[in-house]
Structure formats: structure tokens, C-alpha cells
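Participant: When we follow the working numbering, the leftmost residue of the sequence shown carries the number 1, and every step to the right adds one. Glycine included, C-beta positions come from ideal geometry on N, C-alpha and C. Bear in mind that the values here come from a model prediction, so they are computed numbers and not experimental data.
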Amino acid sequence: MSEVFTGVFTQQEPLPEAAISAAVAVMKSGRLHRYNTVADQQSETDLLEVEFARSVDAKYCLSVASGGYALSCALRAIGVGNGDLVLTNAFTLAPVPGSIAAVGAVPVFVETTEDLVIDLDDLRLKAEQTGSKVLMLSHMRGHIVDMDAIQVLCCDLGITMIEDCAHTMGASWKGKPSGRFGLIGCYSTQTYKHINSGEGGFLVTDKAEVMARAVMLSGSYMFYGKHSAGPEPELYKDISLDTPNNSGRMDNLRAAILRPQLANLRAQAEAWNARYRILEGALRDVDGVHLPYRPQAEGYVASSFQFRLPDWSDTSILDFMDRCLKRGVELKWFGRDEPVGYTSRHDSWRYLERQQMPQTDAVLSTLLDMRIPLTFSLEDCELIGRILKEEVAAG
Ligand SMILES: *Cc1c(COP(=O)(O)O)cnc(C)c1O
Numbered sequence: 001m002s003e004v005f006t007g008v009f010t011q012q013e014p015l016p017e018a019a020i021s022a023a024v025a026v027m028k029s030g031r032l033h034r035y036n037t038v039a040d041q042q043s044e045t046d047l048l049e050v051e052f053a054r055s056v057d058a059k060y061c062l063s064v065a066s067g068g069y070a071l072s073c074a075l076r077a078i079g080v081g082n083g084d085l086v087l088t089n090a091f092t093l094a095p096v097p098g099s100i101a102a103v104g105a106v107p108v109f110v111e112t113t114e115d116l117v118i119d120l121d122d123l124r125l126k127a128e129q130t131g132s133k134v135l136m137l138s139h140m141r142g143h144i145v146d147m148d149a150i151q152v153l154c155c156d157l158g159i160t161m162i163e164d165c166a167h168t169m170g171a172s173w174k175g176k177p178s179g180r181f182g183l184i185g186c187y188s189t190q191t192y193k194h195i196n197s198g199e200g201g202f203l204v205t206d207k208a209e210v211m212a213r214a215v216m217l218s219g220s221y222m223f224y225g226k227h228s229a230g231p232e233p234e235l236y237k238d239i240s241l242d243t244p245n246n247s248g249r250m251d252n253l254r255a256a257i258l259r260p261q262l263a264n265l266r267a268q269a270e271a272w273n274a275r276y277r278i279l280e281g282a283l284r285d286v287d288g289v290h291l292p293y294r295p296q297a298e299g300y301v302a303s304s305f306q307f308r309l310p311d312w313s314d315t316s317i318l319d320f321m322d323r324c325l326k327r328g329v330e331l332k333w334f335g336r337d338e339p340v341g342y343t344s345r346h347d348s349w350r351y352l353e354r355q356q357m358p359q360t361d362a363v364l365s366t367l368l369d370m371r372i373p374l375t376f377s378l379e380d381c382e383l384i385g386r387i388l389k390e391e392v393a394a395g
């Protein structure tokens, strides 16, 4: 009798009690809007921004309505607009090209390596071919490219980098927090990311003017002085009148439930990584399996697990997924012609002119992906590892 896993891949942990009581307190106060404070009271949202800025060692932080909002707000805050070309990963999630399109700009896709990071040779090539001066670097599925090399490259070519850290909140490169290598770092607090408020996001930077524009864009009205993690009010003199309001604020309810989770992020990261290492260990040295290389410098937070079956055909991968699913292990495949769930691909974004990405297509056609919810125990992960290993061997 073969073993079957019965856990649910979409089941998150409940929110911590501290988050629930903080949320109740906000609801009892009725003051859900971030600027609805009494006298010198600091709102939950304001406190969260101060704490998040501190956690990544950033001068300024703004919390917003979603990760995707943070990305488009970042682009607008540095003046990217109509017709501008923005370099970005061909392998990423839909909100990334979507945020570029939202400001009227056009994504220029860059190829993906076998280790699931942006291809630096292709980045240089595309930058030189198109003359684009902006890179939205997506740390897709938490895999971090050589940040030293990409910074040198950007500096060389005069490229401004925005980091999409939806999957790297809490992660680092040589000890420096992810999101602190580019001019702006963007994060998501959507349910499947590292802290959970249903929807939400952050934008961090050390550049005062950029943050002032982002604050105005997010819909601060003339309350920009109520941002403890924002620049000096004097800086807003012109910016407050020259910048459109495109409301995308965070509210106190979400901020209240995020603060205790942020305080616990390090422990959560360790819990994810312990689970990841079990899965990685199960498939390491298994014939036909390629595991993405994880450099020593990468301080990852592995909230998901990826592996490739480079020599397998589409039909054998579909058959493998089917066998895994019968044993309770739900895998996502990026090779499917039609997008399912979250797995859309550069060629599914039909609002863009089609770009040829042969290397990315080859990588994605053999890439399998699995979420690691923290409701799974270490034993659960051992069981999943055994199932995957057996079904690879059976293929
Ligand atoms: C989730 C995600 C985002 C932002 O998503 P929101 O749902 O808007 O918070 C951005 N990039 C990637 C790679 C993501 O997975």
C-alpha cells in the first residue's frame, strides 16, 4: 500500500492571538483609516511602517494596499510612464508586468537561468539593445540572483533597479536584506507571502524625494506629516501639489494584524527553511532531478519548493503530477499551454506584444512548483519527499 498525504496545500496558519486582539481593538475604536487618529496618537499603520523600515534597515517605508500597487507606485515615483521600456524577468507573476503596464510602460523580458534567476548576460544584452534604464527585478519564488554582479551591471549601464520582494521578505544576500539593493524595494503581505493580511504591501527606499512622491501617490492628502517613516514635511512643498493621488493606502486593521507577524518573521523563516531542506534532501541525488542551486550568500526564506525534470516530456510530467496528486501531493507546472491558478507565463500576457524567450520556455516547460504552508509539519514534509522521490523513480 503506498503512502498518501492528506494535508491541504492552501491552508495557512491561523493568525497569532496578538494579531487577533490588536484587530479587535482597532475595530472597537472605529478608527480604521490610517489618518483617523486623535491628537498625537500614532496609528497602527504608522507604527508598522516604522517597524518594517527598521527590520530592513531602510530610511523610509510606506505601506500600501497590495504588492502590485507598491510596484506601480514605485515606477511612478521615479517618473516611469507612457511608452517607457522596463526590463524585467520573463519568469515572474502576473502583477509584475501588470504593474509596468499600469503606468503605460512596456515590459522588456529577460531570460531565466536553470537556477530560476534572471540571466545576467541576457539582461546586459536587452539593456543595450533597448536602451532601457529601469529594471524591475523579481526575486521570483525567493531565488536571489548574484546581487553583487547585478549591482555592478546596473551601475555600468546607468540602470535604476526596483526590487520585487514578494517572495523574499525576510531574505538576504550576504546578510543585507532583500529589497535594499535597488533604489526601491517592494513587498507583498498577500495571504500566500511571508506575513499575511489578505492583501497589502510595502515600499522602502532611502531616497527622500522618491518616498515623498510615493506617499502622495498612495493617497495621503495633506496628512503626509503623519508618516513617522517618511521624509521631513518640508520636502513635500512642491511634491504635494505636483503629484496625483492614486489611492492605495493600507488601513489600521491590516496593519494591526501584520505587526505581531512581522515581529515573528525570523522564526517563521526558520520553520519554512527546515521544511524546505527536508524536501530538498529527499530529491537531492535523485536521477533526472535538477534542484536550483542556492549560493552560500543567499539567505533564503523558502516558502515554496521548486525542482526540474529536465529530460522529461510534457506527457510524462503531466502523468507524474497526476500520480503525485492521487497521493495527495499537489504540484504546479509552468509548462502548461493555458495558465491555471497562479501559473501564467510571459506568453499568456496577451496585452503585450509577444517576445521570444526560448531559454525561459525551456526552463519552465520542465519546472515543478509546490507551496510549503506552515501548517505542514516536518513529518508531513518527509512524507511528501518520499512520495515525490518514489514517483520520480516510477516515471
Ligand atoms: C504576489 C506577488 C506580487 C504582488 O502581488 P499582490 O497580490 O499584488 O500583493 C508581486 N510579484 C510576485 C512575484 C508575486 O508572487
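Any chance you could list the beta strand (DSSP E) runs of at least 3 consecutive residues sitting entirely within the region 169–205, in chain order?
Facilitator: With a minimum length of 3 residues, the continuous beta strand (DSSP E) runs that stay inside the region 169–205 are 184–188 and 201–205.
Participant: Identify whether Arg-124 lies in helix, strand or coil by the three-state DSSP scheme.
Facilitator: By one-based count along the sequence shown, residue 124 stands at place 124. Helix.
Participant: For the 8 Å Cβ check, are there 3 or more pairs between the region 241–257 and the region 42–49?
Facilitator: At 8 Å Cβ cutoff, the stretches touch.
Participant: Just curious, the alpha helix (DSSP H) that Asp-380 is in, first and last residue?
Facilitator: Residue mapping note: residue 380 aligns to position 380 of the sequence shown, counting from 1. Start and end: 378–394.
Participant: Thinking Val-392 and Gly-288 are a contact (beta carbons under 8 Å), I'd like their distance in whole angstroms, please.
Facilitator: Looking up residue 392 in the sequence shown gives position 392. Looking up residue 288 in the sequence shown gives position 288. With 8 Å as the limit, Val-392 and Gly-288 qualify as a contact, their Cβ atoms being about 6 Å apart.
Participant: Ligand 1 and Ala-166: does any heavy atom of the ligand fall closer than 7 Å to the residue's C-beta?
Facilitator: For this step, residue 166 is matched to residue 166 along the sequence shown. Result yes, Cβ under 7 Å from ligand 1.
Participant: Taking C-alpha atoms, which residue in Gly-385, Leu-123 and Lys-193 lies nearest to Ser-66?
Facilitator: Within the sequence shown, residue 66 is the residue found at index 66, counting from 1. It is Lys-193 whose Cα lies nearest to the Cα of Ser-66.
Participant: Using 8 Å as the cut-off, can you tell me whether the region 116–123 makes contact with the region 141–150, which would need three or more C-beta pairs spanning the two stretches below that distance?
Facilitator: Touching, per the Cβ criterion.
Participant: Please confirm if the region 91–98 is in contact with the region 336–353, defined as three or more CB-CB distances below 8 Å between the two stretches.
Facilitator: Yes, they touch.
Participant: So, at 8 Å on beta carbons, what are the nonlocal neighbours of Tyr-221 in its own chain, with the 5 sequence-adjacent residues on each side left out?
Facilitator: Start at 1 with the first residue of the sequence shown, and residue 221 comes out as number 221. If we look at Tyr-221 and ignore the five residues flanking it on each side, its Cβ neighbours are Tyr-35 and Asn-245.
Participant: Is the Cβ-Cβ distance between Ala-58 and Arg-180 less than 8 Å?
Facilitator: The sequence position of residue 58 within the sequence shown is 58, counting from 1. The sequence position of residue 180 within the sequence shown is 180, counting from 1. Taking 8 Å as the Cβ cut-off, Ala-58 and Arg-180 qualify as a contacting pair.
Participant: Taking the CB atoms as reference points, tell me whether Ile-257 and Ala-23 lie closer together than 8 Å.
Facilitator: The count along the sequence shown starts at 1 and reaches residue 257 at position 257. The count along the sequence shown starts at 1 and reaches residue 23 at position 23. Yes, these two residues count as a Cβ contact at 8 Å.
Participant: What's the call for Cys-484, buried or exposed, on a 16-neighbour Cβ count within 10 Å?
Facilitator: As shown, the chain starts at 1 and ends at 395. That puts residue 484 outside it, with no answer to give.
Participant: Give the straight-line distance between the Cα atoms of Thr-360 and Ser-138, rounded to the nearest whole angstrom.
Facilitator: In the sequence shown, counting from the first residue as 1, residue 360 sits at position 360. In the sequence shown, counting from the first residue as 1, residue 138 sits at position 138. Cα to Cα, the separation comes out at about 14 Å.
Participant: In whole angstroms, what is the alpha-carbon distance linking Gly-219 and Val-110?
Facilitator: As a first step, residue 219 is located in the sequence shown; it is residue number 219 there, counting from the start. As a first step, residue 110 is located in the sequence shown; it is residue number 110 there, counting from the start. One C-alpha to the other measures close to 33 Å.
Participant: Using three-state DSSP, classify Asn-89 as helix, strand or coil.
Facilitator: Reading the sequence shown from its first residue, position 89 is the one you call residue 89. If DSSP states are grouped into helix, strand and coil, Asn-89 belongs with the strands.
Participant: What residue does the beta strand (DSSP E) around Met-216 start on, and which one ends it?
Facilitator: Counting from one through the sequence shown, the residue named residue 216 turns up at place 216. No beta strand (DSSP E) holds Met-216; the alpha helix (DSSP H) holding it covers 208–218.
Participant: Does ligand 1 have a heavy atom nearer than 7 Å to the CB of Pro-95?
Facilitator: The residue you call residue 95 lines up with position 95 of the sequence shown. Result yes, Cβ under 7 Å from ligand 1.
Participant: Going by CA-CA distance only, name the one from Ser-197, Phe-9 and Val-106 that's closest to Tyr-351.
Facilitator: By 1-based counting over the sequence shown, the position of residue 351 is 351. For Tyr-351, the nearest C-alpha among the options comes from Val-106.
Participant: I'd like the span of the beta strand (DSSP E) that includes Glu-163, first residue to last.
Facilitator: If you number the sequence shown from 1, residue 163 lands on position 163. Taken as a continuous stretch (DSSP letters only), the beta strand (DSSP E) holding Glu-163 covers 160–164.
Participant: Give the secondary structure of Asp-314 by DSSP, where H, G and I count as helix, E and B as strand, and everything else as coil.
Facilitator: To locate residue 314, count along the sequence shown from 1; it is residue 314. Looking at Asp-314 - three-state DSSP - the assignment turns out to be helix.
Participant: Please state the DSSP three-state secondary structure of Glu-298.
Facilitator: Residue numbering aside, residue 298 sits at position 298 when the sequence shown is read from its first letter. Strand at Glu-298.
Participant: Could you tell me if the beta carbon of Gly-201 falls within a distance shorter than 7 Å of some heavy atom in ligand 1?
Facilitator: Position 201 of the sequence shown holds residue 201. Yes - ligand 1 has a heavy atom lying nearer than 7 Å to the Cβ of Gly-201.
Participant: Give me, in chain order, the residues of the same chain whose beta-carbon lies closer than 8 Å to that of Leu-262; leave out the 5 immediate sequence neighbours on both sides.
Facilitator: By one-based count along the sequence shown, residue 262 stands at place 262. Contacts found: Leu-48, Glu-51, Phe-52, Ser-55 and Ile-195.
Participant: Is the closest heavy atom of ligand 1 to the C-beta of Gln-190 under 7 Å?
Facilitator: Here residue 190 refers to the residue found at position 190 when the sequence shown is read from its first residue. Yes; taking the cut-off as 7 Å, the Cβ of Gln-190 has a heavy atom of ligand 1 nearer than that.
Participant: According to the Cβ coordinates, are Val-108 and Val-86 closer than 8 Å?
Facilitator: If you number the sequence shown from 1, residue 108 lands on position 108. If you number the sequence shown from 1, residue 86 lands on position 86. Going by C-beta atoms, Val-108 is nearer than 8 Å to Val-86.
Participant: Would the C-beta of Ser-55 count as close to ligand 1, meaning under 7 Å from any of its heavy atoms?
Facilitator: Looking up residue 55 in the sequence shown gives position 55. Ser-55 Cβ: outside cutoff for every heavy atom of ligand 1.
Participant: Shorter than 7 Å, the distance from the beta carbon of Ser-66 to the closest heavy atom of ligand 1, or not?
Facilitator: Indexing the sequence shown from 1 puts residue 66 at position 66. Yes, the beta carbon of Ser-66 sits closer than 7 Å to at least one heavy atom of ligand 1.
Participant: What are the partner residues of Leu-368, as DSSP defines its beta bridges?
Facilitator: Along the sequence shown, read from residue 1 onward, the residue named residue 368 stands at position 368. Bridge partners of Leu-368: Phe-307 and Trp-333.
Participant: Can you grab the Cα-Cα spacing for the pair Pro-373 / Arg-266, in whole Å?
Facilitator: Taking the sequence shown and counting its residues from 1, one reaches residue 373 at position 373. Taking the sequence shown and counting its residues from 1, one reaches residue 266 at position 266. Those two C-alpha atoms are separated by around 16 Å.
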